[in-house]
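First the structure, in the form of structure tokens, and then the observations on it.
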Amino acid sequence: MAHCFVAVPPSRQASRVLAFLLGARRWATAAVLAAAFGAVAAQPTASPQPPGLAAPAAPSGRFEPLVLPGERGVVLQALQRSERVPPLRYRVIVVPGSGCAGLESFADRYFAGLLHAQVLVLHKPGVDPDARTAPADCPHGFVSRDRHSTWLAHARAALRADAQQRQGQPALVQLLVGISEGAELLPALAPEVPQLAGLVLIGSSGLDPQEAGALQARRLGAEGDWAALAQIVAGAPPDGVVVQGRSLGYWRDLWHWPLTLPLLRSPWPLLQVWGGDDALVPAVAYTRFEALAALRTAPYCARRIDGADHGLQRHAAGVDGVQQVWVWTEQWARNPAAGLCGPLRLLREQQAPSADGTS
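Numbering of the sequence shown is given in the working numbering, commencing with residue 70 and proceeding in unit increments.
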């Protein structure tokens, strides 16, 4: 079914620049990342392992489909995997980004570096794990219902059900990982995760999404287009009307979605990793949040991967930066007393110049 776009005056039509800007609201799972991992998989440096741990010849844990209940009879399709290498040390719950493609086709490769972790990957309502639909081709039914408040409500219900199902099993510390748009749900989902040890943001600035979008519009010289979209969002058309590939309900949620303050007030350690060549989120957004987060009472650490894109891929070098994130979580799991930021703190100390000026 074709999208139903709201009619707006020509002066309020989005430019190609704004269309690219709005791409920041999509995590290109099937199209971009699957291709990236297809190329990276051939590179021996693509999946670095923690020191002293060799990768197994074949994974002992493979992803299997799982259904979790959302609200009002809605079900969420999920993927779950056991640890690849004993012993089991921790569990990771992943909230992916936007779009209507699933992660099944490359989940084994994407999460390969989580050697000693169980992994649970949630999908948005209406997303099948094996779907490879491009963001621009998402069906109208999905687009009209897709919005932060709905996704949060169903994800919260699913995590409550997951916690209930795990009652009676040995307690495991857990990490909550948000990728791109998925990170915007983490503060609200955190209370639903027992034994939560920290939050991990990948490709998310940490700023309120409206502020991050405005900074990207300024970066691309599209402030006027962003302001025109704001006028439509504030207007009278109903939530189900689609503008720029998203429902007005989606945009209205985004315009008022709090992220910065909840993250700053969060009592859980926070690890944030982003690419130095991220074309979808400007560097100023990351550095602005980093300055604010330095005032958190809970531990905070950030790492920019130079030369990496929004998905933490360094294509020219054939290096997958996401696997480096898993190296740090594996190092933390072997020495949890050092804290989630312990591996990055150690890395900074190793890279700091010595007293005589050498490094």
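All residues carry an ideal CB built from backbone N, CA and C; glycine is no exception. Nothing here was measured: the structure is a model prediction, and the numbers come from that model.
(request) Just grab the DSSP bridge partners of Val190 for me. (result) Its beta-bridge partners are Leu148 and Val163.
(request) Identify whether Gln382 lies in helix, strand or coil by the three-state DSSP scheme. (result) In the three-state DSSP reduction, Gln382 falls in the strand class (E or B).
(message) Among the candidates Ala176, Leu135, Asp199 and Gln146, whose CA atom is the shortest distance from the CA of His192?
(response) It is Gln146 whose Cα lies nearest to the Cα of His192.
(message) Is it buried or exposed, Gln233, if we count other Cβ atoms within 10 angstroms and call 16 or more buried?
(response) Residue environment: Gln233 is assigned as exposed (fewer than 16 neighbouring CB atoms within 10 Å of its CB, all protein chains considered).
(request) Return the chain-ordered list of same chain residues with a C-beta closer than 8 Å to the C-beta of Ile374, the five sequence neighbours on each side being excluded. (result) The residues Val342, Trp343, Gly344, Gly345, Leu381, Arg383, Gly390 and Gln393, in chain order, have a CB closer than 8 Å to that of Ile374 in the same chain once the five nearest residues on each side in sequence are set aside.
(request) Go ahead and pull the three-state DSSP assignment for Leu244. (result) Residue state, collapsed to three classes: strand.
(request) Report the residue from Thr398, Arg235 and Pro194 whose alpha carbon sits nearest the alpha carbon of Ser218. (result) With respect to the C-alpha of Ser218, the residue from Thr398, Arg235 and Pro194 having the closest C-alpha is Pro194.
(message) Assuming Arg235 and Glu261 are in contact, meaning their beta carbons sit under 8 Å apart, how far apart are those beta carbons, in whole angstroms?
(response) Cβ atoms of Arg235 and Glu261 stay farther apart than 8 Å, at about 12 Å.
(request) Kindly indicate the opening and closing residues of the beta strand (DSSP E) around Leu270. (result) Its beta strand (DSSP E) spans residues Leu265 to Ile271.
(message) Taking its Cβ as the centre, do 16 or more other Cβ atoms sit within 10 Å of Gly247, making it buried, or is it exposed?
(response) By the neighbour-count rule (16 or more Cβ atoms within 10 Å), Gly247 is buried.
(request) Could you give the DSSP three-state label for Gly18: helix, strand or coil? (result) The question about residue 18 has no answer, for the chain in this structure spans 70 to 428.
(request) Have a look at the DSSP bridge pairing and note the partners of Pro134. (result) For Pro134, the beta-bridge partners assigned by DSSP are Leu148.
(request) Kindly indicate which three-state DSSP category Val196 falls into: helix, strand or coil? (result) In the structure shown, Val196 sits in coil (DSSP, three-state: anything other than H, G, I, E or B).
(message) I need the boundaries of the alpha helix (DSSP H) containing Arg357, first residue and last residue.
(response) From DSSP, the alpha helix (DSSP H) with Arg357 extends over Ala352 to Ala362.
(message) I need the DSSP call for Asp389, collapsed to helix, strand or coil.
(response) Strand, per DSSP.
(request) Verify whether the separation of the beta carbon atoms of Pro198 and Leu148 is less than 8 Å. (result) Pro198 places its beta carbon less than 8 Å from that of Leu148.
(message) Once the 5 residues before and after Glu418 are set aside, which same chain residues still bring their CB inside 8 Å of it?
(response) For Glu418, same chain residues with a beta-carbon under 8 Å away, outside a window of 5 residues either side, do not exist.
(request) Give the secondary structure of Gln341 by DSSP, where H, G and I count as helix, E and B as strand, and everything else as coil. (result) Secondary structure at Gln341: strand, using DSSP grouped into helix, strand and coil.
(message) Excluding the 5 residues flanking Leu340 on each side, which residues of the same chain have their C-beta closer than 6 Å to its C-beta?
(response) If we look at Leu340 and ignore the five residues flanking it on each side, its Cβ neighbours are Val269, Cys370 and Leu409.
(message) Mapping the DSSP letters down to three states, classify Ala203 as helix, strand or coil.
(response) The three-state reading of DSSP puts Ala203 in coil, since its state is none of H, G, I, E or B.
(message) Here's the rule: buried if 16 or more other CB atoms are within 10 angstroms of the residue's CB, otherwise exposed. What is Pro165?
(response) Answer is buried; the Cβ neighbour count reaches 16.
(message) With H, G and I counted as helix, E and B as strand and the rest as coil, what does DSSP make of Pro181?
(response) Inspection of the sequence shows that residue 181 is occupied by Ala rather than by Pro. Looking at Ala181 - three-state DSSP - the assignment turns out to be coil, as it is neither helix nor strand.
(request) Compute the beta-carbon to beta-carbon distance between Gln313 and Leu330, rounded to the nearest angstrom, for a pair I have assumed lies under 8 Å. (result) Actually they are not in contact, since the Cβ atoms of Gln313 and Leu330 sit about 27 Å apart, beyond 8 Å.
(request) Within its chain, find whatever has a CB closer than 6 Å to the CB of Val320; leave out the 5 residues flanking it on each side and keep chain order. (result) Checking the displayed sequence, the identity of residue 320 turns out to be Trp instead of Val. The answer, listed in chain order, is Val302.
(message) Under DSSP, the alpha helix (DSSP H) around Arg414 begins and ends at which residues?
(response) Here the alpha helix (DSSP H) through Arg414 covers Gly411 to Gln420.
(message) Taking the beta carbon of Leu364 as the centre, do at least 16 other beta carbons fall within 10 Å, making it buried, or is it exposed?
(response) Leu364 is exposed by the Cβ-count criterion.
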